[in-house]
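Student: Residue numbers (the numbering used here): 125 to 288. Glycine included, each C-beta is placed from N, C-alpha and C at the ideal position. The structure is given below, and queries will be raised subsequently.
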C-alpha cells in the first residue's frame, strides 16, 4: 500500500516541526493568565463607597422641602467602621430628627441598594440608598417620634441627598 520512508532529511524536518509545535503550545499556555485575583465582594465595594463623611445637600419630608433646616444646622452623616461592624454618626441634627446621634448598620438583602439601620433593636429601620463616588441618596419611611425632646411629627417618607 503506502510506503513511507524515513530518511535523514525527513527526520530533521519532523524534529523541527515537533519543536515548533511544542514551543507554540508552551507559549500559548504560558501567555494565558490564571483566573486572576478574585473580585471583591459587593458588600466590600459598596462599603468603600459609603465609608465617608457626607454633607447634606437636600432633604424632603413627605414631599416637602426641609433642606434649610438641615443645612442651617450643618447636618452631616459619617459612615465608618468595617464591612462587618459598620457604624454611623450624625452631627448638626435639627430637632426633631429621624436620625439618632449614632448607631450601627448592616446591608440588607440587596447590598447595592439596601441598608438596615440599627438592626435587631427597637429603632431598626430599612433604608434604600443609591451611591456614586460623590453623592449618596437615602430614602426611608420613618414611623417613630424622632430623636429629640420635642414631639413634632417626623413620621413619613424622607429623602436625604448628601455630597462629599
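Going by alpha carbons, who is nearest to residue 214 out of 271, 162 and 279?
Tutor: Of the listed residues, the one whose Cα sits closest to residue 214 is 271.
Student: So, do the stretch 198 to 209 and the stretch 177 to 186 have three or more beta carbon pairs nearer to each other than 8 Å?
Tutor: Yes, the stretch 198 to 209 is in contact with the stretch 177 to 186.
Student: Which ranges does the beta strand (DSSP E) cover as unbroken runs of at least 3 residues, wholly within the stretch 172 to 253, from first to last along the chain?
Tutor: Those beta strand (DSSP E) runs which fall completely within the stretch 172 to 253 and span 3+ residues are 177 to 185, 200 to 206, 209 to 215, 226 to 231 and 238 to 241.
Student: Using 8 Å as the threshold, is the stretch 241 to 258 in touch with the stretch 136 to 144, meaning 3 or more CB pairs across them?
Tutor: Counting Cβ pairs under 8 Å, fewer than three are found: no touch.
Student: Near residue 135, what residues of its chain come up, given a Cβ to Cβ distance below 6 Å and the 5 sequence neighbours on each side ignored?
Tutor: Taken in chain order, the list of residues that qualify is empty.
Student: Kindly indicate which residue of 217, 263, 229 and 280 has the alpha-carbon position closest to the one of residue 208.
Tutor: It is 229 whose Cα lies nearest to the Cα of residue 208.
Student: Can you give me the Cβ contacts of residue 191 inside the same chain, cut-off strictly under 6 Å, excluding the 5 residues immediately before and after it?
Tutor: Closer than 6 Å at Cβ, skipping near neighbours: 182 and 183.
Student: Can you grab the Cα-Cα spacing for the pair residue 189 / residue 263, in whole Å?
Tutor: Distance between the alpha carbons of residue 189 and residue 263: 14 Å.
Student: Have a look at residue 162 and residue 248 and give me their C-alpha separation to the nearest angstrom.
Tutor: Rounded to whole angstroms, residue 162 to residue 248 spans 33 Å at the Cα level.
Student: For residue 221, does the count of other Cβ atoms within 10 angstroms reach 16, so buried, or fall short, so exposed?
Tutor: Buried, by the Cβ-count rule.
Student: Measuring only the C-alpha atoms, how far is residue 223 from residue 217?
Tutor: Distance between the alpha carbons of residue 223 and residue 217: 7 Å.
Student: Report the option in 166, 153, 258 and 210 whose CA atom is closest to the CA atom of residue 288.
Tutor: The candidate whose alpha carbon is nearest that of residue 288 is 258.
Student: Let me make sure I understand the geometry here. Which of 233, 232 and 219 has the alpha-carbon closest to that of residue 194?
Tutor: Minimum Cα distance to residue 194 is reached at 219.
Student: Tell me which same chain residues have a C-beta within less than 6 Å of the C-beta of residue 173, skipping the five on either side of it?
Tutor: Excluding positions up to five away in sequence, the list reads 255.
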